[in-house]
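Trainee:
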Amino acid sequence: MATEAVGAEWSGLRWTAILLVTGFLVLASAQGTSLERDDASSRYINGTQKFQSDSDIFTRVFNFLWQQGPGSYEHVWPEMKLGWKIVVGTVIGFFGAAFGTVGGVGGGGIFVPMLTLIIGFDQKSSTAISKCMITGAAFSSVIYNLRLRHPTLDLPLIDYDLALLFQPMLVLGISIGVAFNVIFADWMITVLLIITFIGTSTRAFYKGIETWKKETIIKEEAARRQMQSNGDPREEVEYKPLPGGPSIGTPTEIREPKRTEVPIIENLYWKELLVLVAVWVIILVLQISKNYTTTCSATYWALNLLQLPVAFGVTIYEAVNLYTGRRVIASKGESNTDWKVHQLVLYSACGIIAGIVGGLLGLGGGFILGPVFLELGIPPQVSSATATFAMTFSASMSVIEYYLLHRFPVPYALYLAAVATLSAIVGQHVVRKVVMILGRASIIIFILAFTIFVSAISLGGVGIADMVEKIEHKEYMGFENICTYDA
Numbered sequence: 004m005a006t007e008a009v010g011a012e013w014s015g016l017r018w019t020a021i022l023l024v025t026g027f028l029v030l031a032s033a034q035g036t037s038l039e040r041d042d043a044s045s046r047y048i049n050g051t052q053k054f055q056s057d058s059d060i061f062t063r064v065f066n067f068l069w070q071q072g073p074g075s076y077e078h079v080w081p082e083m084k085l086g087w088k089i090v091v092g093t094v095i096g097f098f099g100a101a102f103g104t105v106g107g108v109g110g111g112g113i114f115v116p117m118l119t120l121i122i123g124f125d126q127k128s129s130t131a132i133s134k135c136m137i138t139g140a141a142f143s144s145v146i147y148n149l150r151l152r153h154p155t156l157d158l159p160l161i162d163y164d165l166a167l168l169f170q171p172m173l174v175l176g177i178s179i180g181v182a183f184n185v186i187f188a189d190w191m192i193t194v195l196l197i198i199t200f201i202g203t204s205t206r207a208f209y210k211g212i213e214t215w216k217k218e219t220i221i222k223e224e225a226a227r228r229q230m231q232s233n234g235d236p237r238e239e240v241e242y243k244p245l246p247g248g249p250s251i252g253t254p255t256e257i258r259e260p261k262r263t264e265v266p267i268i269e270n271l272y273w274k275e276l277l278v279l280v281a282v283w284v285i286i287l288v289l290q291i292s293k294n295y296t297t298t299c300s301a302t303y304w305a306l307n308l309l310q311l312p313v314a315f316g317v318t319i320y321e322a323v324n325l326y327t328g329r330r331v332i333a334s335k336g337e338s339n340t341d342w343k344v345h346q347l348v349l350y351s352a353c354g355i356i357a358g359i360v361g362g363l364l365g366l367g368g369g370f371i372l373g374p375v376f377l378e379l380g381i382p383p384q385v386s387s388a389t390a391t392f393a394m395t396f397s398a399s400m401s402v403i404e405y406y407l408l409h410r411f412p413v414p415y416a417l418y419l420a421a422v423a424t425l426s427a428i429v430g431q432h433v434v435r436k437v438v439m440i441l442g443r444a445s446i447i448i449f450i451l452a453f454t455i456f457v458s459a460i461s462l463g464g465v466g467i468a469d470m471v472e473k474i475e476h477k478e479y480m481g482f483e484n485i486c487t488y489d490a
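The sequence shown runs 4 to 490 under the numbering used here.
1. Tell me residue 1's beta-bridge partners as DSSP assigns them.
2. Does the contact criterion of 3 or more C-beta pairs under 8 Å hold for the stretch 213 to 228 versus the stretch 456 to 469?
3. Between which residues of its own chain and residue 385 is the CB-CB distance below 7 Å, once the five residues before and five after are set aside?
4. Does the separation of the CB atoms of residue 451 and residue 382 fall below 9 Å?
5. State the start and end residues of the unbroken alpha helix (DSSP H) segment that holds residue 323.
6. Do you know how far the Cα of residue 290 is from the Cα of residue 540?
7. Please list the segments of the alpha helix (DSSP H) lying wholly inside the stretch 81 to 165, counting only runs of 4 or more residues, in order along the chain.
8. Could you give the first and the last residue of the continuous alpha helix (DSSP H) run that contains residue 467?
9. Relative to the alpha-carbon of residue 169, which residue among 389, 477, 448 has its alpha-carbon at the smallest distance?
10. The alpha helix (DSSP H) that contains residue 435, what's its start and end?
11. Could you pull the DSSP bridge partners for residue 275 from this structure?
12. At the level of alpha carbons, what is the spacing between residue 494 and residue 412?
13. Which two residues bound the contiguous alpha helix (DSSP H) that contains residue 385?
14. Quick one: what's got a C-beta closer than 6 Å to residue 476's C-beta in the same chain, skipping five residues either side?
15. Using DSSP's beta-bridge definition, name the partner residues of residue 378.
16. Looking only at DSSP bridge pairs, what is residue 264 linked to?
17. So is residue 223 buried or exposed if we call it buried at 16+ other beta carbons inside 10 Å?
18. Measure the alpha-carbon distance for residue 296 versus residue 398 and round it to whole angstroms.
19. Could you say which of 104, 187, 443 lies nearest to residue 147 if we only look at CA atoms?
20. Taking contact to mean 3 or more Cβ pairs, one atom from each stretch, closer than 8 Å, check whether the stretch 421 to 430 and the stretch 177 to 184 are in contact.
21. Are the CB atoms of residue 95 and residue 111 within a distance shorter than 9 Å?
22. With three or more C-beta pairs closer than 8 Å as the rule, is the stretch 192 to 209 touching the stretch 454 to 461?
23. Note down, in chain order, each residue of its chain lying with its Cβ closer than 7 Å to the Cβ of residue 172, except the 5 sequence neighbours on either side.
24. Checking 9 Å against the spacing of the C-beta atoms, do residue 433 and residue 446 come in under that value?
25. Alpha carbons only, please: which of 230, 361, 323 is nearest the one belonging to residue 394?
26. Taking the beta carbon of residue 269 as the centre, do at least 16 other beta carbons fall within 10 Å, making it buried, or is it exposed?
27. CB-CB under 6 Å to residue 420, same chain, minus the five flanking residues each way: which ones, in chain order?
28. Hey, would you say residue 193 sits closer than 9 Å to residue 469, going by beta carbons?
29. Verify whether the separation of the beta carbon atoms of residue 437 and residue 101 is less than 9 Å.
30. Between residue 396 and residue 279, how many whole angstroms is the CB-CB distance? I'm expecting something under 8 Å.
31. Using only the alpha-carbon positions, how far apart do residue 133 and residue 346 sit?
32. Could you check if residue 86 is buried or exposed, using at least 16 other CB atoms within 10 Å of its CB as the buried criterion?
33. Looking at residue 151: is its Cβ nearer than 9 Å to the Cβ of residue 263?
34. Give the secondary structure of residue 350 by DSSP, where H, G and I count as helix, E and B as strand, and everything else as coil.
Rendered as structure tokens:
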């Protein structure tokens with residue numbers, strides 16, 4: 004069973020990686036097709052056929068992609084006044100934050116379309132305000148989850164070792180993603196988003212079905228024991244969460260720990276928490292320092308590159324400890340913990356990809372981390388809580404960076420962040436009660452899949468509409484130059 008579990012785990016992660024790579028290839032091929040059409044129209048000049056060398060084509064590609072866009076980007080910030088737009092935006096933001104934090108994805112895929120289509124912000128400002136909402140929701144969720152224990156083990160609900168493996172790369176990826184958000188054309192972001200989100204939501208949905216079936220086996224076994232006890236009223240079918248790990252084997256009764264809530268101080272692992280905070284502070288200082296240098300200067304790039312040893316150093320240290328067995332992902336319970344080098348490398352890569360996607364699209368890295376954690380065999384409750392915990396660091400860093408770039412109006416951001424903060428607490432409490440009543444932790448996975456899918460449709464729809472409008476107006480649709488970009 005251990006071999007089959009590892010095989011299934013590797014297969015799922017391999018398909019996730021393939022989907023991400025395919026997205027980037029589609030971006031490149033789409034750009035190449037456009038250039039080929041331009042090239043075909045220029046082969047006949049004054050009736051004479053002219054052929055171009057590969058080097059000429061390469062030069063054309065480079066010049067097209069890296070030409071300077073038409074002037075600085077213009078932000079659209081609507082006036083903040085009470086009206087139907089604010090009311091509808093508040094309602095959508097409330098439910099988006101509730102579903103997003105429960106699934107461990109933040110809800111940015113719902114926030115960005117709401118801010119763009121309903122309230123009326125431009126796309127880049129919507130991305131920045133979305134990060135403010137994600138930060139508020141994630142912070143309140145972490146405070147709520149810090150009181151809770153693991154569903155089947157005597158451990159905190161948040162897995163600190165799992166966070167140590169992913170958070171440094173996630174924070175590094177956010178820095179890269181914010182830069183890409185400036186550089187990338189909107190249509191490129193749209194194509195990548197649709198491919199990635201449909202793939203991850205589909206995978207999460209199948210994982211939810213698999214978990215639902217396992218829970219059904221446990222409930223049937225519990226009901227069978229109740230019948231064998233001759234109807235003793237003291238024997239009740241109670242909620243017995245799935246044990247950690249991707250495979251369940253023979254159903255066995257697992258009683259819920261007596262202590263489901265404890266004081267926050269008991270659930271804090273100070274050493275791991277201080278390391279995570281240190282990574283966040285160091286990279287944040289480097290980012291702030293970078294904003295006080297000349298863009299694209301030697302100092303600017305040096306400060307960017309200094310983030311690499313910080314993030315890679317902590318991740319490699321944690322990965323080596325996991326590989327040698329000095330540390331374990333305790334939330335997996337007794338599941339296989341024989342880590343392979345290629346697994347650790349792939350998981351670390353998923354962390355940085357999650358950060359890039361989060362910074363690029365204005366979303367929480369949980370859209371990638373959530374499905375990855377489930378593939379690792381982490382219980383849904385722990386997966387959601389740990390993804391949200393790691394996302395708090397990355398989202399808050401994005402907010403500070405966007406603030407320094409003057410990318411959002413502060414009053415709007417404060418109001419919507421407060422809405423998301425309140426919604427996250429309500430969502431966590433309600434769903435936790437539902438899970439306990441129904442005995443179905445798979446509900447969290449279905450919420451994750453639903454939120455990602457809705458995000459793909461809404462964000463994809465906004466992106467496609469924007470592309471069509473730009474094509475009709477023959478607007479510039481290439482890369483922006485980060486060295487001359489004025490936000």
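Each residue gets a CB set at the ideal place from its N, CA and C atoms; glycine is no exception.
All values reported here derive from a predicted model rather than from experimental measurement.
Mentor: If we stick to the structure as given:
1. There is simply no residue 1 to check, as the chain begins at 4 and stops at 490 in what is shown.
2. no
3. For the purposes of this step, residue 385 is taken as residue 382 along the sequence shown, with counting starting at 1. These residues qualify, in order along the chain: 153, 160, 162, 334.
4. Counting from 1 along the sequence shown, the entry for residue 451 is found at position 448. Counting from 1 along the sequence shown, the entry for residue 382 is found at position 379. Going by C-beta atoms, residue 451 is not nearer than 9 Å to residue 382.
5. Locating residue 323 in the sequence shown gives position 320, counting from the first residue. From DSSP, the alpha helix (DSSP H) with residue 323 extends over 310 to 327.
6. Any property of residue 540 remains undetermined from this structure, which presents the chain solely from 4 to 490.
7. 87 to 106, 111 to 116, 126 to 148
8. Here the question's residue 467 lines up with position 464 in the sequence shown. Counting along the chain, the alpha helix (DSSP H) containing residue 467 begins and ends at 445 to 475.
9. Counting from one through the sequence shown, the residue named residue 169 turns up at place 166. For residue 169, the nearest C-alpha among the options comes from 389.
10. Here the question's residue 435 lines up with position 432 in the sequence shown. From DSSP, the alpha helix (DSSP H) with residue 435 extends over 413 to 441.
11. By 1-based counting over the sequence shown, the position of residue 275 is 272. BP columns for residue 275 are empty, so no partner.
12. Beyond the ends of the chain as shown, which are 4 and 490, falls residue 494; an answer cannot be given.
13. For this step, residue 385 is matched to residue 382 along the sequence shown. 383 to 407 is the span of the alpha helix (DSSP H), which, as asked, contains residue 385.
14. Within the sequence shown, numbered from 1, the residue matching residue 476 stands at position 473. Excluding sequence neighbours, residue 476 sits near nothing in its chain.
15. The count along the sequence shown starts at 1 and reaches residue 378 at position 375. Residue pairing for residue 378: DSSP places it in no beta bridge.
16. Counting from 1 along the sequence shown, the entry for residue 264 is found at position 261. 151.
17. On the sequence shown, position 220 is the one that residue 223 refers to. Answer is exposed; the Cβ neighbour count stays below 16.
18. What you label residue 296 is simply residue 293 of the sequence shown in a count that begins at 1. What you label residue 398 is simply residue 395 of the sequence shown in a count that begins at 1. Cα to Cα, residue 296 sits roughly 23 Å from residue 398.
19. Residue mapping note: residue 147 aligns to position 144 of the sequence shown, counting from 1. Measuring from the Cα of residue 147, the nearest candidate turns out to be 104.
20. Segments in contact, no.
21. Residue numbering aside, residue 111 sits at position 108 when the sequence shown is read from its first letter. Residue numbering aside, residue 95 sits at position 92 when the sequence shown is read from its first letter. In this structure, residue 95 does not lie closer than 9 Å to residue 111 by Cβ.
22. yes
23. For the purposes of this step, residue 172 is identified with residue 169 of the sequence shown, where counting begins at 1. 314, 318, 351, 354, 355, 358, listed in sequence order.
24. On the sequence shown, residue 433 is found 430 positions in, with the first residue counted as 1. On the sequence shown, residue 446 is found 443 positions in, with the first residue counted as 1. It is not a contact, given that the beta carbons lie outside the stated cut-off.
25. Numbered from 1 along the sequence shown, position 391 holds the residue referred to as residue 394. Looking at the Cα atoms, 361 is the closest of the given residues.
26. Mapped onto the sequence shown, residue 269 falls at position 266. Exposed, because fewer than 16 other Cβ atoms sit within 10 Å of the Cβ of residue 269.
27. On the sequence shown, position 417 is the one that residue 420 refers to. Hits under 6 Å: 135, 136, 139.
28. Stepping through the sequence shown from its first residue, residue 193 is reached at position 190. Stepping through the sequence shown from its first residue, residue 469 is reached at position 466. Yes, Cβ-Cβ distance for residue 193 and residue 469 is below 9 Å.
29. Here residue 437 refers to the residue found at position 434 of the sequence shown. Here residue 101 refers to the residue found at position 98 of the sequence shown. No, Cβ-Cβ distance for residue 437 and residue 101 is not below 9 Å.
30. Here the question's residue 396 lines up with position 393 in the sequence shown. Here the question's residue 279 lines up with position 276 in the sequence shown. A Cβ-Cβ separation of about 6 Å places residue 396 in contact with residue 279 under the 8 Å criterion.
31. In the sequence shown, the residue the question calls residue 133 occupies position 130. In the sequence shown, the residue the question calls residue 346 occupies position 343. Roughly 32 Å separates the two Cα atoms.
32. Counted from its first residue, the sequence shown places residue 86 at position 83. Under this definition residue 86 is an exposed residue.
33. The sequence position of residue 151 within the sequence shown is 148, counting from 1. The sequence position of residue 263 within the sequence shown is 260, counting from 1. Yes.
34. On the sequence shown, residue 350 is found 347 positions in, with the first residue counted as 1. Helix at residue 350.
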